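Per my numbering, residue 11 is the first one in the sequence shown, and the count goes up by one each step. Heads up, the beta-carbon is just placed ideally off N, CA and C, and yes, glycines get one too. Keep in mind that this is a model prediction, so the values were computed, not measured.
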Amino acid sequence: MEQDNKNNLGGNVDKSLRGETPLDLNACVKEGWQLSKQHFYSTLQGGLFTLGIILAMLMLIGRFVSIDDLQNPSVSLSYGLNLLFTLVTTPLITALMMMGIGHSVGVNVPFLSLVKRLATSALLILSALMLGALANLGLALYILPGLYLAMSTGFALVLLVEKKYRPSQAILVSMRVFNRYWGPLSQFYIVSFILFVGGLFTFGIALIWIVPWYLHTKGVLYRTLFGVEVLGQPSTHSNNKDSVFYA
Numbered sequence: 011m012e013q014d015n016k017n018n019l020g021g022n023v024d025k026s027l028r029g030e031t032p033l034d035l036n037a038c039v040k041e042g043w044q045l046s047k048q049h050f051y052s053t054l055q056g057g058l059f060t061l062g063i064i065l066a067m068l069m070l071i072g073r074f075v076s077i078d079d080l081q082n083p084s085v086s087l088s089y090g091l092n093l094l095f096t097l098v099t100t101p102l103i104t105a106l107m108m109m110g111i112g113h114s115v116g117v118n119v120p121f122l123s124l125v126k127r128l129a130t131s132a133l134l135i136l137s138a139l140m141l142g143a144l145a146n147l148g149l150a151l152y153i154l155p156g157l158y159l160a161m162s163t164g165f166a167l168v169l170l171v172e173k174k175y176r177p178s179q180a181i182l183v184s185m186r187v188f189n190r191y192w193g194p195l196s197q198f199y200i201v202s203f204i205l206f207v208g209g210l211f212t213f214g215i216a217l218i219w220i221v222p223w224y225l226h227t228k229g230v231l232y233r234t235l236f237g238v239e240v241l242g243q244p245s246t247h248s249n250n251k252d253s254v255f256y257a
């Protein structure tokens, strides 16, 4: 019965893997901006909660680890801190991205309920560790391979959550679709990076608008390229209560 009530909204993975899905970056950016205004406060609350957790974690680390150790960390300390950051931040950041995807298909998903579901996902943490290792490997070889791996795997975590892919499958599908649409996707990531850096020069004030725009535009890009499965009738209204993520 549940299977009969599933609906796919947006694109199709197989078509995107073949490069057959039309992608209008300008249209996605404009829709992302409209969605960010429509869902500004809920997204901002999730972002501030995430920032608060990260700051609290940094303060906690500062109490137990000296500045000298942080400046010249041992191998074990580096791995330990990396694991801690991954365990804490991965569910939070993935939940923010899933909120953007949900809003792109007219579904409101409470941030904390997403975090609770994702915090216990061992596969999500494993995927994040794999992505971190890939990015570090790329940067160790040269900066361009590192940038490529960071951009091409940008949809891996949400593919694992929304499509129920295995970690390796989510990473490979994300990379293959990126290779098909490397032009507009690279442009999106590069412009986003420039905006984030510029936002820091405003003492972070501009990030209040940049972060929601980024999350919603990425959600629109995901919907366009991969499609989103929901239970219930599709709706374009943001307060829709009858449709939920099939994730």
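Item                                                                                                                                                                                    : Value
DSSP state of Val238, grouped into three classes?                                                                                                                                       : strand
Anyone know if the C-beta pair for Phe198 and Leu35 falls short of 8 Å?                                                                                                                 : yes
Confirm, please, whether the CB-CB distance from Thr96 to Val171 is below 8 Å.                                                                                                          : no
State buried or exposed for Asp24, treating a residue as buried only when at least 16 other CB atoms are found within 10 Å of its CB.                                                   : exposed
How about Pro177 and Ser114: do their beta carbons lie closer than 8 Å?                                                                                                                 : no
Do Gly229 and Leu217 have their C-beta atoms within less than 8 Å of each other?                                                                                                        : no
In angstroms, rounded to a whole number, what distance separates the CA positions of Val201 and Tyr224?                                                                                 : 10 Å
Leaving out five residues before and five after Thr234 in sequence, what residues of the same chain have Cβ atoms less than 8 Å from its Cβ?                                            : Gly20, Gly21, Thr31, Leu33, Cys38
When the Cβ atoms of the stretch 121-137 are set against those of the stretch 46-61, are three or more pairs found closer than 8 Å?                                                     : yes
CB-CB under 7 Å to Leu139, same chain, minus the five flanking residues each way: which ones, in chain order?                                                                           : Thr96
Which class does Val230 belong to by DSSP, given the choice of helix, strand or coil?                                                                                                   : helix
Where Gly116 and Phe203 are concerned, what is the direct C-alpha to C-alpha distance, given to the nearest angstrom?                                                                   : 27 Å
From Gly125 to Pro101, what distance separates their C-alpha atoms?                                                                                                                     : Gly is not the amino acid found at residue 125; the sequence shown has Val there. Cα to Cα, Val125 sits roughly 6 Å from Pro101.
Give every residue of the same chain whose Cβ lies closer than 7 Å to the Cβ of Arg186, excluding the five residues on either side of it in the sequence, and list them in chain order. : Leu27
Let me know the alpha helix (DSSP H) ranges lying completely inside the stretch 26-103, each 4 residues or longer, listed in chain order.                                               : 35-48, 50-74, 77-81
To the nearest angstrom, how far is the alpha carbon of Ala66 from that of Gly29?                                                                                                       : 43 Å
Measure the alpha-carbon distance for Val85 versus Gly42 and round it to whole angstroms.                                                                                               : 41 Å
What's the call for Ile181, buried or exposed, on a 16-neighbour Cβ count within 10 Å?                                                                                                  : buried
At which residues does the alpha helix (DSSP H) containing Lys174 begin and terminate?                                                                                                  : First-last for Lys174: undefined, no H or E at that position.
Which value, in whole angstroms, describes the spacing of the CA atoms of Val240 and Phe188?                                                                                            : 24 Å
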